[in-house]
Amino acid sequence: MAFIEINKNNLLHNINIIQKTSNKEIFAVIKDNAYGHGILQIAKILQEAGIKRVCVRNNIEAKLIQPFFEEILVFFPELTYNGMNISYTISDLKALKRCKHKKIHLKFDTGIHRNALSLEDLNEILEIAFKKFEVKGVFSHFCCSDEVGCDTFIQLQRFKELKNRVVKFCKLNNYEIPKFHIANSDAIFKLPQNDLFDYVRPGIALYGGIKNENLRPVTSLWGEAIKVMEIKKNQYVGYNKKYIFEKDTKITLIDLGYSDGILYFDKELMLKETKAVGKISMDSMSVIGEYKKVCIFDDIRKFAKNYPYTITYDILTKLKPNIKRVIV
Numbered sequence: 280m281a282f283i284e285i286n287k288n289n290l291l292h293n294i295n296i297i298q299k300t301s302n303k304e305i306f307a308v309i310k311d312n313a314y315g316h317g318i319l320q321i322a323k324i325l326q327e328a329g330i331k332r333v334c335v336r337n338n339i340e341a342k343l344i345q346p347f348f349e350e351i352l353v354f355f356p357e358l359t360y361n362g363m364n365i366s367y368t369i370s371d372l373k374a375l376k377r378c379k380h381k382k383i384h385l386k387f388d389t390g391i392h393r394n395a396l397s398l399e400d401l402n403e404i405l406e407i408a409f410k411k412f413e414v415k416g417v418f419s420h421f422c423c424s425d426e427v428g429c430d431t432f433i434q435l436q437r438f439k440e441l442k443n444r445v446v447k448f449c450k451l452n453n454y455e456i457p458k459f460h461i462a463n464s465d466a467i468f469k470l471p472q473n474d475l476f477d478y479v480r481p482g483i484a485l486y487g488g489i490k491n492e493n494l495r496p497v498t499s500l501w502g503e504a505i506k507v508m509e510i511k512k513n514q515y516v517g518y519n520k521k522y523i524f525e526k527d528t529k530i531t532l533i534d535l536g537y538s539d540g541i542l543y544f545d546k547e548l549m550l551k552e553t554k555a556v557g558k559i560s561m562d563s564m565s566v567i568g569e570y571k572k573v574c575i576f577d578d579i580r581k582f583a584k585n586y587p588y589t590i591t592y593d594i595l596t597k598l599k600p601n602i603k604r605v606i607v
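For the sequence shown, the working numbering begins at 280 and goes up steadily by one.
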C-alpha cells in the first residue's frame with residue numbers, strides 16, 4: 280500500500296530555524312490538510328513543539344484540531360458562533376456586519392488585491408469591529424515575497440501605516456491593541472526581525488518546500504509494487520503507446536496514480552532513484568526496474584522540477600487523504 284512518510288525531526292528542525300530567524304511567535308499555517316501532510320499528524324507534532332497558534336482553511340479543519348491549540352484562526356469561516364479558542368478572519372465589510380462569532384482577526388489588502396478589507400473603509404471597520412468584537416489580530420498578506428523586487432517593501436510600508444492608525448484608534452478609545460502579522464514563509468527570511476511584527480505565519484516553509492538551504496524536506500512519498508513485468512524491445516507500456524522501449528526492460532507497476540493526487544504526465548517522470556514511463560493511470564504507474572517499493576520523492580523541491588508550470592504547494596496539497604501517513 281502506498282504511503283507518505285512525515286519526517287518529524289526535519290519538521291522540528293524547520294520550526295527551530297524559523298524561530299531563530301524571526302525571533303517571533305509562530306502562527307503556523309496547516310490549512311488544506313496541512314498542505315497535504317495530514318492535519319492531525321502535523322497538529323500533534325506542532326503541539327509537542329510548543330506551537331500555540333495555527334491557521335486553517337475552514338470550520339471543519341478547526342474542529343478537528345480544536346483540542347491541540349490556544350488559538351485557531353480560520354481563513355474562510357462560516358460566520359456563526361464557534362468554540363472559544365477559534366478566531367475568524369474577516370476580509371469583507373459585509374461579513375463583519377453579519378458575523379456572530381466574537382473573536383476575529385481583520386485582514387486588510389495592502390497590495391495583493393485578492394480577499395481582504397479595503398484600507399479606504401478603515402474608519403468604519405474599526406468603529407464596528409472594536410465595538411462589537413474581540414479583535415485579536417490585524418493582518419495582511421504579501422503578493423510577491425518569493426521574488427526579488429520592491430512590492431514586498433511597498434506592502435510592508437502600507438502595513439506599518441495601517442498598524443499606526445489602528446494603535447492610535449485603540450489608544451484614543453481605550454481598546455486593547457491587537458496583534459499584527461504579515462510575514463509568510465519567504466518574508467520571514469527576507470525581512471529584518473523588526474519588520475516581522477508580533478507573529479510570523481509560515482506555511483510551506485514548515486514542510487521544507489521553499490528554496491532555502493537551511494530548511495529540510497519533511498515529506499517522502501512511496502509506492503508499493505503491484506507486479507513486475509518484462510517488456511520486450513519495441514513494445515510499449517500504458518495508454519496511447521507514449522513510451523516505446525529500446526531494449527528488453529523490467530518494469531514495476533506501483534500503486535499510485537492520478538486519483539491519488541499525482542500530477543498528470545504522459546511520457547516519463549523522474550523519481551528519486553528511477554523514472555516512471557508511459558502515461559500515468561488512474562490507480563497506477565510503471566517505473567523502470569524491479570522494486571518492492573519505490574520512492575517517488577523525498578525532497579518536494581527537486582521533484583517539482585518535473586513540472587515547470589506548477590509549484591511545490593500544488594503537488595503537496597493534491598496528495599489524497601486516503602494515502603497512509605507514517606511519522607518517522
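Just so it is clear, CB atoms sit at the ideal spot from N, CA and C, and this is done for glycine as well.
- Cys449 carries a helical assignment under DSSP once its states are collapsed to helix, strand and coil.
- Residue nearest to Lys331 within the set Ala341, Val446, Phe347 and Asn394 is Phe347 (criterion: CA-CA distance).
- Between the region 399 to 409 and the region 374 to 387 there are three or more C-beta pairs closer than 8 Å, enough to call the two in contact.
- An exposed status is given to His392, since fewer than 16 other beta-carbon atoms sit within 10 Å of its beta-carbon.
- The beta carbon of Val605 is closer than 6 Å to those of Phe282 and Glu284 in its chain, skipping five residues each way along the sequence.
- The DSSP-derived three-state label of Ala484 is helix.
- Ranking Ser565, Val556 and Leu548 by CA distance to the CA of Pro587 puts Leu548 first.
- Rounded to whole angstroms, Thr300 and Leu396 show a C-alpha spacing of 30 Å.
- In the three-state reduction of the DSSP assignment, Thr589 falls in the coil class, being assigned neither a helical nor a strand state.
- Here the region 495 to 506 lies against the region 529 to 548, with 3 or more beta-carbon pairs under 8 Å apart.
- In this structure, Leu598 keeps its C-beta atom at 9 Å or more from the C-beta atom of Gly362.
- Taking a 10 Å sphere around the C-beta of Gln434, we find 16 or more other C-beta atoms and assign the residue as buried.
- Contact between Ala307 and Pro481 holds, with the beta-carbon distance rounding to 6 Å and staying under 8 Å.
- Put simply, the backbone Cα of Glu509 is about 6 Å away from that of Ile530.
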